[in-house]
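Those protein sequence lines, which keep their order, are chains D and G.
So for the first sequence, this note's numbering puts the first residue at 1; every next one is plus one.
So for the second sequence, this note's numbering puts the first residue at 1; every next one is plus one.
In this text, a Cβ means the ideal position worked out from N, Cα and C, and glycines have one as well.
What follows is a short report on a single structure.
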Amino acid sequence: MSAVERTPKAPSSWADLSPAERAALQYAVEQFLYDEAALLDARKYREWFAVVAEDIHYWMPIRRTVTRSDLEFEFTKPGAMAYFDDDYELLEMRVKKLEAKSAWSEDPPSRSRHFVSNVRILDIEGDEITIDACFHVYRTRLNTDVDSWVGRRTDVLRRSGTSFKLLKRHLFLDQTVIASKNMSTIF
Amino acid sequence: MTPNSQIVDTGGWDKAAIDALFDRTTGWLDRRVFCDAALYRLEMERIFARGWNFMCHDSQLSNAGDYLINYIGEDQVIVVRDEAGRVNVLLNTCRHRGNALCRAEQGRAKTFVCSYHGWNYALDGKLIGVPGQKTYYRDDIDRTRLGLVPARVESYLGFHFATMAEDAPSLSEFLGDVGRTGLGMVCAFGDIEVVDGIQKNIIDCNWKIAVDNLFDWYHVMYSHASAGSAGMLNLAEILHPNNQLVLLGEYGQAISGPGITKEMQARIDQMSDEQRIEMSKEIASSGVRVRPRSADELMGPVGVRSMGHPNIFPNLWITLNGMQMCLRLPRGPHRTELWWYTIVPRGSPPKLKQRMIRTAIHLFGPAGLLEQDDGENWSQSSRSSQARSSQQLGVNLKMGVGKDEAVVGGNGEHYIETCVNEHGQRWFYSGWTEWMAARDWAELRANHSPVPEGTV
Numbered sequence: 001m002s003a004v005e006r007t008p009k010a011p012s013s014w015a016d017l018s019p020a021e022r023a024a025l026q027y028a029v030e031q032f033l034y035d036e037a038a039l040l041d042a043r044k045y046r047e048w049f050a051v052v053a054e055d056i057h058y059w060m061p062i063r064r065t066v067t068r069s070d071l072e073f074e075f076t077k078p079g080a081m082a083y084f085d086d087d088y089e090l091l092e093m094r095v096k097k098l099e100a101k102s103a104w105s106e107d108p109p110s111r112s113r114h115f116v117s118n119v120r121i122l123d124i125e126g127d128e129i130t131i132d133a134c135f136h137v138y139r140t141r142l143n144t145d146v147d148s149w150v151g152r153r154t155d156v157l158r159r160s161g162t163s164f165k166l167l168k169r170h171l172f173l174d175q176t177v178i179a180s181k182n183m184s185t186i187f
Numbered sequence: 001m002t003p004n005s006q007i008v009d010t011g012g013w014d015k016a017a018i019d020a021l022f023d024r025t026t027g028w029l030d031r032r033v034f035c036d037a038a039l040y041r042l043e044m045e046r047i048f049a050r051g052w053n054f055m056c057h058d059s060q061l062s063n064a065g066d067y068l069i070n071y072i073g074e075d076q077v078i079v080v081r082d083e084a085g086r087v088n089v090l091l092n093t094c095r096h097r098g099n100a101l102c103r104a105e106q107g108r109a110k111t112f113v114c115s116y117h118g119w120n121y122a123l124d125g126k127l128i129g130v131p132g133q134k135t136y137y138r139d140d141i142d143r144t145r146l147g148l149v150p151a152r153v154e155s156y157l158g159f160h161f162a163t164m165a166e167d168a169p170s171l172s173e174f175l176g177d178v179g180r181t182g183l184g185m186v187c188a189f190g191d192i193e194v195v196d197g198i199q200k201n202i203i204d205c206n207w208k209i210a211v212d213n214l215f216d217w218y219h220v221m222y223s224h225a226s227a228g229s230a231g232m233l234n235l236a237e238i239l240h241p242n243n244q245l246v247l248l249g250e251y252g253q254a255i256s257g258p259g260i261t262k263e264m265q266a267r268i269d270q271m272s273d274e275q276r277i278e279m280s281k282e283i284a285s286s287g288v289r290v291r292p293r294s295a296d297e298l299m300g301p302v303g304v305r306s307m308g309h310p311n312i313f314p315n316l317w318i319t320l321n322g323m324q325m326c327l328r329l330p331r332g333p334h335r336t337e338l339w340w341y342t343i344v345p346r347g348s349p350p351k352l353k354q355r356m357i358r359t360a361i362h363l364f365g366p367a368g369l370l371e372q373d374d375g376e377n378w379s380q381s382s383r384s385s386q387a388r389s390s391q392q393l394g395v396n397l398k399m400g401v402g403k404d405e406a407v408v409g410g411n412g413e414h415y416i417e418t419c420v421n422e423h424g425q426r427w428f429y430s431g432w433t434e435w436m437a438a439r440d441w442a443e444l445r446a447n448h449s450p451v452p453e454g455t456v
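Following this line, the structure appears as structure tokens:
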């Protein structure tokens, strides 16, 4: 990927950065996210997996429709049920499955478009940068299936050489009942 | 329980026409069962309103006021624990204009207040307040007759079920030995709790195709081959295609899938619970745990040998050796909502619980490595059932017809030991025609098939 060359050397905290350094880091982070999204849309799952850190946590809790007074229960907590709760090994299984000859849910392959926006750098701690972003994963399958998954996510990127590795991806979907027959997509 | 006697529109589907939809002796099923709108409406009446529907497990409602929404057919119901500790199932529709009382899918409430005009109801459904009762209604309204409509609720092993049919038999009679064995499988490792978070997704298919599939140990090797090659699980190790055990019960109840052989079970029977735990560790790669002695009573001597899938008729699937349950909720002839419940033994160590929860997430649900591949098969099978010429071909369920023997065990269990087969599906569909043809419970009781014995 081309974004690998773009990471500026940065101090360890956001507050220490000058406006120009912040802009450069913001640029590098966004380019990383766009390049990563492009790999998924191009179905280059193995190349995408190369930017995943070995201690990744990839998680999508279950969201519920609740009243204002019950908002503390809107999302399931870590350790409870979720749609995804993957480590490196499990994510690799997802990649292997997508590569398998008999992955019927992805053959004919889906067409996906990963949009990432509203990228905000929330925190820098040592080599790790926490960002918050909005996502829209649009998928079509066969001739008329259309899925649209929108939400917010928290990613943690770890500096690695001149680029980043994906250390954490926590996905907070805006749907409660998933209006799709499956989620065979990587978000 | 139904407030008014229903005028049932059968859409021309009389008993003879319904009986002709499925031929048990050949395994031929009319594809219209997956798409006909009149049949679907009749299912709402004769299967869902009439049957016992799974509502929740006791552990999901800890305190008074805890509630969740579930369905009886397409009727939304509030499942709530009241101050007396009882679980009530109430139609989620205000007796004034019909608005939904609860719009959240779960939560905590002291009362249920309608967002339209403010009618409010107690946790047991009583109408406790009508704004303007004196001033606008001038006291001419009888609140005692306008409570939320309750369903009949009964429970077994902490699983609460509800029916709208006053004439339904007890839950225990409806479940029969096979249904009780199925729920016993969930509790076989001791007292249980449902893990927080029900996965819910929608598939464009008829609900019965999803039910059909749970008995289907023929598709696993092919449909789910990629989960095997990705290293998720060793399919060959868990399938045991030549050791299949099928249990059939009244009213369409069935369990089907791999079975522990009699010889193996005889060896297990000699083991202490400690030895069984050790044995479970040795075969951990297969994901199977050997059940403790206490499971014998819950599942019976034949049932305890089942490692297969119970279905509590019509739509509650028990899977993963009782670790998960999936409810298939009809949303029209071509749409089904799937709800996944995950179970852990209450007393088990946190590490084990965590492993069980993660296994559940990774196998089933919309992102599960196994489940991902099912949706497309089901939706395309449903779709083709609507097309004029394809529809006339029927569904082929003939595997093993006339080739196997149903025998009766010491406790009256009816079971079949054979290879991969379609007995479970045939029993489900023949039960379905009997439910659909009977006008009331008296007729269903009188006319439903006895559980087979001899050649099946």
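| query | result |
| --- | --- |
| Any chain G beta carbon closer than 8 Å to D/Phe200 | Absent from the model: residue 200 of chain D. The displayed extent of chain D is 1 to 187, so no value can be given. |
| Short Cβ contact (8 Å threshold) for G/Asp30 with G/Leu21 | yes |
| Cβ-based burial, G/Gln425 [other Cβ within 10 Å; buried from 16] | buried |
| Own chain, CB closer than 6 Å to D/Phe172, minus 5 neighbours either side, in chain order | Gly151, Arg152 |
| Element boundaries [alpha helix (DSSP H), containing G/Thr10] | That residue, G/Thr10, is in no alpha helix (DSSP H); it is neither H nor E in DSSP. |
| Nonlocal neighbours in the same chain, by C-beta distance under 7 Å from D/Leu167, ignoring five residues either side | Ala53, Asp55, Ile56, Glu128, Val156, Leu157, Arg158 |
| Burial state of G/Gly347, where buried means 16 or more other Cβ atoms lie within 10 Å | exposed |
| First and last residue of the uninterrupted alpha helix (DSSP H) at G/Asn377 | 374 to 384 |
| contact_flag[the region 409 to 427 of chain G, the region 299 to 318 of chain G] where n(CB pairs < 8 Å) is 3 or more | yes |
| Uninterrupted alpha helix (DSSP H) stretches inside the region 128 to 157 of chain G (no shorter than 4 residues) | none |
| Close Cβ partners of G/Ala442 (< 8 Å) along its chain, the five nearest in sequence each way excluded | Asp167 |
| Cβ neighbours of G/Phe54 in the same chain (closer than 7 Å, five flanking residues each side left out) | Phe159, Phe161, Ile312, Leu316, Leu327 |
| Against chain D: residues of the region 359 to 390 of chain G by CB proximity under 9 Å | Ala360, Ile361, His362, Gly365, Pro366, Ala367, Gly368, Leu369, Glu371, Gln372, Asp373, Asp374, Gly375, Glu376, Asn377, Trp378, Ser379, Gln380 |
| Cα-Cα separation between G/Gln60 and D/Ala42, rounded to whole angstroms | 43 Å |
| D/Asn182 at chain G interface by Cβ criterion, 8 Å | yes |
| Whether G/Ser385 touches G/Gln391 by CB criterion (8 Å) | yes |
| Simplified DSSP assignment, three categories, for G/Tyr116 | coil |
| Within-8 Å CB hit, G/Asp212 to chain D | no |
| Of the residues G/Pro330, G/Asp440, G/Lys398, the one placed nearest G/Asp23, counting alpha carbons only | G/Lys398 |
| The ligand NAD heavy atom lying under 7 Å from the CB of G/Val220 | In terms of ligand content, the structure shown is empty, and the ligand NAD therefore cannot be addressed. |
| D/Arg46 burial status per 10 Å Cβ neighbour count (16 or more: buried) | exposed |
| Through-space distance from D/Asp35 to D/Ser2, alpha-carbon basis | Bear in mind that a pLDDT of 45 at D/Ser2, under 50, signals an unreliable position, so the number given afterwards is only what the model happens to contain. Going by the C-alpha atoms only, they are around 8 Å apart. |
| Selection of the region 89 to 114 of chain G by Cβ proximity to chain D, strictly under 9 Å | Cys102, Arg103, Ala104, Glu105, Gln106, Gly107, Arg108, Ala109 |
| Proximity of G/Val153 and G/Asn206 at Cβ, strictly below 8 Å | no |
| Three-state class that DSSP yields for D/Pro61 in the structure shown | strand |
| Minimum C-alpha distance to G/Ile343 - residue among G/Ile198, G/Leu101, G/Pro330, G/Thr10 | G/Ile198 |
| Contacts of D/Asp147 in chain G (Cβ-Cβ under 8 Å) | Correct list: empty, because the minimum Cβ distance to chain G is about 10 Å. |
| G/Phe424 in three-state terms, based on DSSP | The sequence shown places Gly at residue 424 of chain G, rather than the Phe named in the question. Reduced to three states, the DSSP call for G/Gly424 is helix. |
| Residue-chain proximity (G/Glu193, chain C), Cβ-Cβ < 8 Å | No chain C appears in this structure, whose protein chains are D and G. |
| 8 Å Cβ cutoff met for G/Gly259 and G/Gly308 | yes |
| Chain G contacts made by the region 44 to 56 of chain D, where a contact means CB separation under 8 Å | none |
| Separation of G/Gly85 from G/Ser62, as counted between CA atoms | 9 Å |
| Bridge partner(s) assigned by DSSP for G/Asp66 | G/Arg108 |
| Identity of the residues DSSP links to G/Met325 by a beta bridge | G/Ile318, G/Tyr341 |
| Limits of the alpha helix (DSSP H) - the one that G/Ile357 falls within | 350 to 363 |
| CB contact flag (G/Ala151, G/Ile72, <8 Å) | yes |
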